[in-house]
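I have placed the structure first, in the form of structure tokens, so that the comments after it can refer back to it.
Residue numbers (our numbering): 72 to 343.
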């Protein structure tokens, strides 16, 4: 199996939007052996195309044209790594990190498409994610705001649904290839968290990952919503920004919060 078809040297970050993925890009982009550029959306699109091909045409093409499933997988894998991997071509030991947040939707599929790729599930307190989502002006083709940026309950459920998909991927892919990383840990213990992430990627810590002030970075699309926060030092100011949504969580959201290690006001009262 070629390196391109295996996904060796590639890592995919994913998680609910507004969970800190652009901050992670800011940190990782400072490492001398990492290329972490803007969102591309390509991993999800190609993984889903591969799924559609396999389920709708795979048996027909195998039977009539000798196009076997493994050949299709390898070709689709090389298509994806070829499209996004140019920055690390000819650079042994370097890593390409793709951080489109909705990669989380395709983690399981990408894990099969690229059997040596690594994955990082970024999670953040659902109340803080929802509070940040509710400050966005994201609209659909009809010009109306999406429910998850205009209705608190929908924002919390959106977080719950996406983190649920991420947890399923953790089970399917396994801890050796998928790391869960909490935004709050990165903020409170940045060196320890970044060192653990780099070790997971097979790299050593470099101070430049945390000392990024003054290093230029191009933000495109929805990433621009993170300005000017992304150029500021990592700090804990935004932890707890969604406390006012605590009472709006349903039981499913509360359960997900507990699973991911977050406590609601009710949980705190119970512990007392």
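In this text, a Cβ means the ideal position worked out from N, Cα and C, and glycines have one as well. Here the structure is a predicted model, which means the values were calculated and not measured.
Label residue i either buried or exposed according to how many other C-beta atoms from any shown protein chain fall within 10 Å of its C-beta, with 16 as the threshold for buried.
i           : result
residue 343 : With a pLDDT of only 49 at residue 343, under the threshold of 50, the placement of this residue in the model should not be trusted; the figure read from the coordinates follows. Exposed, by the Cβ-count rule.
residue 119 : exposed
residue 230 : buried
residue 98  : buried
residue 72  : exposed
residue 181 : buried
residue 233 : buried
residue 327 : buried
residue 247 : exposed
Can you give me the C-alpha to C-alpha distance between residue i and residue j, rounded to a whole angstrom?
i           : j           : result
residue 175 : residue 117 : 14 Å
residue 144 : residue 93  : 30 Å
residue 185 : residue 153 : 13 Å
residue 150 : residue 179 : 18 Å
residue 336 : residue 78  : 43 Å
residue 199 : residue 318 : 13 Å
residue 46  : residue 138 : Any answer about residue 46 is impossible in this case: the structure gives the chain only from 72 up to 343.
residue 159 : residue 270 : 19 Å
residue 224 : residue 190 : 29 Å
residue 237 : residue 161 : 32 Å
residue 222 : residue 254 : 23 Å
Might you give, ordered along the chain, the residues of its own chain that have their beta carbon closer than 7 Å to the beta carbon of residue i, omitting 5 neighbours on each side?
i           : result
residue 241 : 192, 249 and 251
residue 104 : 164, 165, 166 and 274
residue 307 : 258 and 259
residue 113 : 151, 154 and 155
For residue i versus residue j, is the C-beta spacing smaller than 7 Å?
i           : j           : result
residue 111 : residue 155 : yes
residue 272 : residue 89  : no
residue 173 : residue 220 : no
residue 195 : residue 91  : yes
residue 280 : residue 265 : yes
residue 168 : residue 107 : yes
residue 148 : residue 243 : no
I think residue i touches residue j, with their Cβ atoms under 8 Å apart; what is that distance to the nearest whole Å?
i           : j           : result
residue 316 : residue 218 : Incorrect: roughly 15 Å between the Cβ atoms, too far for contact.
residue 305 : residue 261 : 5 Å
residue 170 : residue 215 : About 28 Å separates the two Cβ atoms, so there is no contact after all.
residue 188 : residue 267 : That pair is no contact at about 18 Å.
Give me, in chain order, the residues of the same chain whose beta-carbon lies closer than 6 Å to that of residue i; leave out the 5 immediate sequence neighbours on both sides.
i           : result
residue 333 : 196
residue 122 : 180
Who are the near neighbours of residue i in its chain, counting only those whose CB is closer than 8 Å to its CB and skipping five residues on each side?
i           : result
residue 228 : 219, 321, 323 and 324
residue 208 : 216 and 220
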